[in-house]
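Visitor: The structure that follows is given in the form of structure tokens.
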Amino acid sequence: MDFEIDFLPVGDASKAGDSIAVRYQDGNEYKVMVIDGGTDDAGDALVAHMKATYGDRIVIDDVICTHPDSDHACGLRAVMREMPVRRLWLHGVWHHATELLPYFADKRWTADGLEKKIRSEYSVVAELIDLADAQNTPVYEPFAGQKIGPFTVLSPTRWHYLRLVPQFRKTPDPDVDQLKAENMWIEGAKPGILSGLMKTLAERVVEWIPEGWDVELLKDGAVTAAENETSTVLYGSFGNFSVLLTGDAGVNALWWAMDHAGNASLDLSNVNLVQVPHHGSRSNVGPAVLNRLLGPRLPKGSAKKRDAIVSAPKDDASHPRKMVMNAFLRRGAPVCKTQGTSYRYFVGMPARPGERPAVPFDFFDQVEAYD
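For the sequence shown, the working numbering assigns the number 500 to the initial residue and increments by one for each residue that follows.
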């Protein structure tokens, strides 16, 4: 099956994001998908790219918003405003208010009150749904097992999603005891404003330390925001080629995705292209999950097993993390980057004028120390 996946540049400095366009052959025609739209500016650039590349009259078959963070969702508003869309896939954060009630600390919430409160906090998601309604585009929620074109959703399950929403940064306080009783409390996944500010300040000062091929400094135990753990993880099968798109998935979401893939007899060991989660953050991966996802560390000089891509902003000293790039390379997955440029992965599609082969990161002898 002929296909192409464009990872478009998003942001600069610390303003990262994802913006992905997919075109694939389906019988005698080509279909188009969008997976996240980045920031507002990135959304405008995405629309311009698709019109210039696919034609002014293109219809988008599926638009997927992996999770509600603004650096993934905002740009999709331009797509929904300016282009006809057949299906919109996103999680309506407030859509399951009745089922969510037991997981919030304040038991005075009603389903109606909780729905209104959460909807008011996620205005971009609400606007995307309103834009879909205005053009009679049906809205679906991407839960594990669903098929979207050539892609299968691997995570989240509906069960996990309902227990993560109360741990979002903009939802009311969770019932920690109830979540702990169900083994779904993620310590540190709902940071306060102050802790987030302190983390941002700490990241401005980077200490560099040496790392060798045989000494991996990346640690297990990474924790990311609950919103990231609800990222829609997608396995795409294009004939003899396959890809894994991870959004901002954290360690939990990646484990759940691999569990679902195993239960569905989907072989991730032969994936040709994998997206590095969350712009190369070390808060989303660790050695154990990468060993399961990519395979064990290889001897230096081993042949490449697959390609990897990281969507990262230009002029950002902390993303992607160099120890994360090293961890992928050790496991046979050298990483290419966006950082102000587009990256296209394609099979059977014609070359474009001015394209050059992407060059992956070399091994870094110096990496960022943990804070």
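Even glycine gets a Cβ: it sits at the ideal position worked out from N, Cα and C.
Report the rounded CA-to-CA distance for ARG556 versus LEU743, giving the unit in angstroms.
Guide: Between ARG556 and LEU743, the C-alpha separation is close to 29 Å.
Visitor: Could you check the C-alpha separation between TRP684 and VAL675 for me, to the nearest Å?
Guide: Near 7 Å, if we compare the C-alpha coordinates of VAL675 and TRP684.
Visitor: Please name the residue in THR597, GLU686, LEU587 and TRP755 whose C-alpha comes closest to that of THR723.
Guide: Comparing Cα-Cα distances from THR723 to each of THR597, GLU686, LEU587 and TRP755, the minimum goes to GLU686.
Visitor: Tell me which residues share the same chain as ARG781 and place their Cβ nearer than 7 Å to its Cβ, disregarding the 5 neighbours each side in the sequence.
Guide: Here the set comprises LEU717, ALA721, ARG820, MET822 and VAL823.
Visitor: What residues are listed by DSSP as bridge partners for ILE617?
Guide: The partner list for ILE617 (beta bridge, DSSP) is empty, contrary to what the question assumes.
Visitor: Considering only their Cβ atoms, is the gap separating ALA811 from GLN838 smaller than 8 Å?
Guide: Yes, these two residues count as a Cβ contact at 8 Å.
Visitor: Can we count GLY644 as close to the ligand ZN, meaning its CB is less than 7 Å from some heavy atom?
Guide: Among the components of this structure there are no ligands whatsoever, and the ligand ZN is therefore not found.
Visitor: Checking 8 Å against the spacing of the C-beta atoms, do ARG830 and LEU772 come in under that value?
Guide: Going by C-beta atoms, ARG830 is not nearer than 8 Å to LEU772.
Visitor: From ARG618 to ALA515, what does the alpha carbon distance come to, in whole angstroms?
Guide: Computed Cα separation, rounded: 24 Å.
Visitor: Flag this pair as touching only if the segment 761-772 and the segment 588-601 have three or more C-beta atom pairs under 8 Å; answer yes or no.
Guide: No: fewer than three Cβ pairs fall under 8 Å.
Visitor: Going by beta carbon distance, what residues of the same chain come within less than 8 Å of GLY711, once the five residues before and after it are set aside?
Guide: Once the five neighbours on either side are set aside, the close Cβ partners of GLY711 are ASP864.
Visitor: From ASP632 to VAL584, what distance separates their C-alpha atoms?
Guide: So the two alpha carbons sit approximately 11 Å from each other.
Visitor: Do the CB positions of GLY591 and VAL624 come within less than 8 Å of each other?
Guide: Cβ distance < 8 Å, so GLY591 and VAL624 count as in contact.
Visitor: Quick check: the Cα distance between GLY612 and HIS595, rounded to an integer number of angstroms?
Guide: The alpha-carbon atoms of GLY612 and HIS595 are separated by roughly 12 Å.
Visitor: Does the Cβ of MET757 have 16 or more other Cβ atoms within 10 Å, making it buried, or fewer, making it exposed?
Guide: It counts as buried.
Visitor: Start and end of the beta strand (DSSP E) containing GLY536?
Guide: That run of the beta strand (DSSP E) goes 528-536.
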